[in-house]
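These notes are about the structure you will find just below.
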Amino acid sequence: MRLAPSPGAFCPDGIRRCRGEGADDRPDRGGHPRMDKQGHEHRLRGFRPNRKGNAMQFVGIDIASETHVFAILGEDGTVLVKPKPIAEDAAGHGALLAALEPPDAVLVVMEATGHYWKNLFAVLAAKGYDVALINPLRTHRFQGESLERTKTDAIDALGLARFGREKHPPPTRLGSQASEELRELVRHRDRLRQDFDDRVRQLHRLVDLGFPEFRRYVRTLDSMLATAILAEYPTAEAVAKATPRRLAKLRYDGRHAVGAELADQLIAAAKRSVGQHHGPAYRLQVRDICQDLDLWRRRLAERDDDIARLLDEHEVGSLLTSIDGIGPGTAARLIAELGDPARFDSAAALAAYVGVVPALRQSGKRRPTRAGITPIGNARLRTALWMPTLTAVRRNPWLKAFYERLRAHGKPPKLALIAAMRKLLVAVYAVAKARKPFVPNLAA
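When we follow our numbering, the leftmost residue of the sequence shown carries the number 606, and every step to the right adds one.
Rendered as structure tokens:
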């Protein structure tokens, strides 16, 4: 699920926590919780006040794949419930709920361990409990302060409960279902693309062994042309034996054929190829990989259609494509990672969350100096925005003018591009805030 972490809570994408200085706890004009520069939701005093006057419980849960361990401390640090294992099933969840006081008197603390926390988090949140999701690095540092050297699930559960009692971390809030759906689909598509690229690399190896000259005539092995030819003629030996007429008529996308010129070139190259690996094992691998690539290509196209459909139904996502340089894929990734960009306090806060702000370096009496761009931020978003920014500074008039002005003042190309990326994020924030299609002076 997509997180909108609070000050001091952990953002699962690796973003640093918010310390909450100068937090404004009032909602914005759209009724959204205000967010700081790290994308964390401001809340008063960390967690919901105990309105009924019951003694607070601090619950620490050590998360694992099949069995969790929970422990409960009282306000004075007394162990109310010793570490106890619960299964990741209905009975285990029920046992935990039975041990808890009413929601107003409980703060639950757990680490963001893979995806294993999500079901239990959802159950507790549905019952009204405040749950703080914490960066494991932060809890490890806290455990180190106590000089604790032994590590067990029971000790970790007690440590998380003690962390909740001493630090009072604010509860984590989850994003909308629409953003979560987009996030799941976008990341699923990324995994499909990774599988596709892995197959292409395997095909490169086999072609280098069996017909290295092939890539002089067919440049990209991930193309439909390449996979159609190699599925039918997987080695130089097979191509050399092909009849020119049959190879020329081979169709690769349902409409286009290889053609006589390319067929003659491939057959001539195959007859003098230095490729030495033509056995059955090599032929089978090439054919299997070509079939896999065809399947993955169709799946990627289907998932792109699914993502585009969800994006069209998203209030903000459909507006982001009005910005020159941001296509459906980039807009979907922005919504998947950010939810609603308008939840941030400002465009500067959004830029800080993504990680396109300069870092400062200062020591002692030395004056603060720029130390490049901070490495802390959402790396997925920076990667996703890099190519759209490259395109936008060439084709987008207002962003091109901004980029060229920076270059004219001596900014290195990479720093100017990062500044343009930040400017693009300003446009994203302006569109989300106004709930209107992009016009250049919105991002001024």
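Here a beta-carbon is modelled for each residue, glycine too, at the ideal position from N, C-alpha and C.
Predicted model only: the values in this text are computed from it and were never measured.
Alpha carbon of residue i to alpha carbon of residue j, nearest angstrom
i	j	result
Gly884	Tyr1034	58 Å
Ser878	Thr988	40 Å
Arg1012	Gly932	26 Å
Val1036	Glu1009	24 Å
Asp911	Tyr734	34 Å
Asp667	Val823	54 Å
Pro688	Arg985	37 Å
Tyr721	Ser670	6 Å
Leu852	Val961	51 Å
Leu924	Lys1019	28 Å
Pro1045	His793	33 Å
Phe663	Gly679	6 Å
Ala874	Phe816	9 Å
Trp772	Asp681	For clarity, residue 772 is Lys in the given sequence; the question names Trp instead. Computed Cα separation, rounded: 14 Å.
Leu1029	Leu900	35 Å
Ala1021	Asp945	27 Å
Glu818	Ala913	39 Å
Gln870	Arg902	27 Å
Ala843	Ala886	14 Å
Ser828	Asn724	41 Å
Whether residue i touches residue j by CB criterion (7 Å)
i	j	result
Leu738	Ala717	yes
Lys854	Ala845	no
Val714	Leu705	no
Pro993	Thr926	no
Ala833	Gly880	no
Gly930	Asn1001	yes
Arg1027	Ala956	yes
Leu797	Arg948	no
Val1031	Ala952	yes
Asp758	Val674	yes
His698	Val736	no
Leu826	Leu814	no
Glu786	Leu915	yes
Ile894	Gly922	no
Ala937	Val791	yes
Leu811	Gln890	yes
Arg804	Leu898	yes
Thr672	Ala703	no
Bridge partners - residue i, DSSP secondary structure assignment
i	result
Ile691	His673
Leu738	Met715
Leu1114	Any question about residue 1114 goes unanswered here, given that the chain covers just 606 to 1049.
Ala831	DSSP lists no partner for Ala831.
Arg856	Ala862
Where residue i falls, given that 16 or more other Cβ within 10 Å makes a residue buried
i	result
Pro1042	exposed
Ala762	buried
Phe652	With a pLDDT of 44 at Phe652, under the threshold of 50, the predicted position of this residue should be treated as unreliable, though the coordinate-derived value follows. It is buried - the Cβ of Phe652 has at least 16 other Cβ atoms within 10 Å.
Lys732	exposed
Val748	Reading the sequence as shown, one finds Gln at residue 748 and not Val. Answer is buried; the Cβ neighbour count reaches 16.
Lys756	exposed
Glu942	buried
Thr1130	Outside the displayed span of the chain (606 to 1049) sits residue 1130, for which this structure offers no information.
Thr848	exposed
Ala696	exposed
Pro774	buried
Ala868	buried
Lys1038	buried
His919	buried
Asn740	buried
Arg746	exposed
Gly859	exposed
Leu742	exposed
Helix, strand or coil at residue i [DSSP, three-state]
i	result
Ala717	coil
Phe1043	coil
Ala759	helix
Leu779	strand
Phe801	helix
Arg1053	With the chain covering 606 to 1049 only, the question about residue 1053 has no answer from this structure.
Arg824	coil
Pro1017	coil
Phe816	coil
Gln890	helix
Gln748	helix
Trp722	coil
Ile912	helix
Ala727	helix
Val791	helix
His882	coil
Ser927	coil
Leu705	coil
Proximity test, residue i beta-carbon vs the ligand FAD heavy atom, cut-off 6 Å
i	result
Asp858	Here there are no bound small molecules, and the ligand FAD is not part of this structure.
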